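Protein chains: 2
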Amino acid sequence: MKHRVIDTAMLEGVSEIFKILGDPTRMHILAVLARKNVCVIELADEVGVTQSAISHQLRMLKTMRLVASKRMGKRIIYSLADKHVETLLKTAIRHFAE
Amino acid sequence: MKHRVIDTAMLEGVSEIFKILGDPTRMHILAVLARKNVCVIELADEVGVTQSAISHQLRMLKTMRLVASKRMGKRIIYSLADKHVETLLKTAIRHFAE
DNA sequence: TGAACATATGAGCAAGTGTTCATATGATGG
DNA sequence: CCATCATATGAACACTTGCTCATATGTTCA
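Residue numbers (our numbering), protein chains in the order written: chain A, 158 to 255; chain B, 158 to 255.
Here's what the structure looks like:
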């Protein structure tokens, strides 16, 4: 292996973010949240998987700081963490449209 | 499940691209190719995995039309498929830098 | 042509992933 | 305060993934 020209840590970091986005369910969750802030049950309904599956994925998305949450009455409302995430999503969609 | 507002096929497509980018080895390959066009052996050397592993990944990257190849003497030189891929990579890196 | 080099491929395996089911935890409001 | 609703969590699973090893397939040029 030659002298390293490329920052490995950066590669790991970037690919980790891509990996998160590389799953249809998570992508769907983010796409819904890009349109409106909703609770877990509504997410499950929109995405079409169980509440449990949504919860598991939300935990991951939250750990990676892609989504945020706040309690509203007896619901917990999820939203995109920041504009940054939104930009990333929209860029991706634009790129896909080609 | 409610009336579908989001294009599922699009979600699948976009997340499929992200999935490809969501692996450090593939990311590393693309990062090298963003700097120069090289043969399989040199890629293996730079990335630090076996020739076989590189070949397997290159096949995937080629199928997804992210890289292109052309024979030069006894070597096969790989390169990024187009500017489009390059843009995607650079965007990702910029986003990661934050 | 054929020995040597470059790349591709297939089987097999260990590790990782996303889902479901069952259940726990937590918070609310009557 | 406690029944109920909302969310989170853990175990188990089928499935996928990326790697290695061995070998096949090309390609070149002496």
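We treat Cβ as the ideally placed atom computed from N, Cα and C, and that holds for glycine.
No experiment lies behind these values; they were computed from the predicted model shown.
Check the Cβ-Cβ distances between residue i and every residue of chain B, and say whether any is below 8 Å.
i, result
"Leu190/A", "no"
"Ala225/A", "no"
"Thr220/A", "no"
"Lys176/A", "yes"
"Gly230/A", "no"
"Ser172/A", "yes"
"Ile163/A", "yes"
For chain A, check one thing: does any of its Cβ atoms lie closer than 8 Å to the Cβ of residue i?
i, result
"His185/B", "yes"
"Leu237/B", "no"
"Met217/B", "no"
"His213/B", "no"
"Ile234/B", "no"
"Leu200/B", "no"
"Glu243/B", "no"
"Thr248/B", "yes"
Would residue i and residue j be called neighbours here (beta carbons separated by less than 8 Å)?
i, j, result
"Leu223/B", "Ala238/B", "yes"
"Ala210/B", "Thr165/B", "no"
"Thr248/B", "Thr248/A", "yes"
"Met167/B", "Ile250/A", "yes"
"Ser176/A", "Gly179/B", "Correcting the residue type first, residue 176/A is Lys in the shown sequence and not Ser. The answer is yes: Cβ separation under 8 Å."
Measure from the alpha carbon of residue i to the alpha carbon of each residue in the options, then state which is nearest.
i, options, result
"Val189/B", "Phe253/B, Thr244/B, Leu178/B, Ser236/B", "Ser236/B"
"Ala225/B", "Ser172/B, Glu169/B, Cys196/B", "Cys196/B"
"Ile198/B", "Lys231/B, Ala191/B, Met217/B", "Lys231/B"
"Leu218/B", "Val242/B, Val171/B, Gly205/B, Met229/B", "Val242/B"
"Thr244/A", "Gly205/A, Ala191/A, Glu203/A", "Ala191/A"
Any heavy atom of the ligand SAH within a distance shorter than 7 Å of the CB on residue i?
i, result
"Glu173/B", "For the structure depicted, the ligand SAH is absent and the ligand set is empty, with no information on it obtainable."
Quick test of your reading: residue i and residue j, contact by CB under 8 Å. State the CB separation rounded to the nearest angstrom.
i, j, result
"His185/A", "Ile163/B", "7 Å"
"Lys227/B", "Ile234/B", "6 Å"
"Leu200/A", "Leu246/A", "That belief does not hold up - the Cβ atoms of Leu200/A and Leu246/A are roughly 16 Å apart, past 8 Å."
Checklist entry - If you scan the segment 218-244 of chain B from start to end, which runs of the beta strand (DSSP E) of 3 or more residues do you find wholly inside it? => result 224-229, 232-237
Item to check | Segments assigned alpha helix (DSSP H), at least 4 residues, entirely inside the segment 167-192 of chain A | outcome: 181-192
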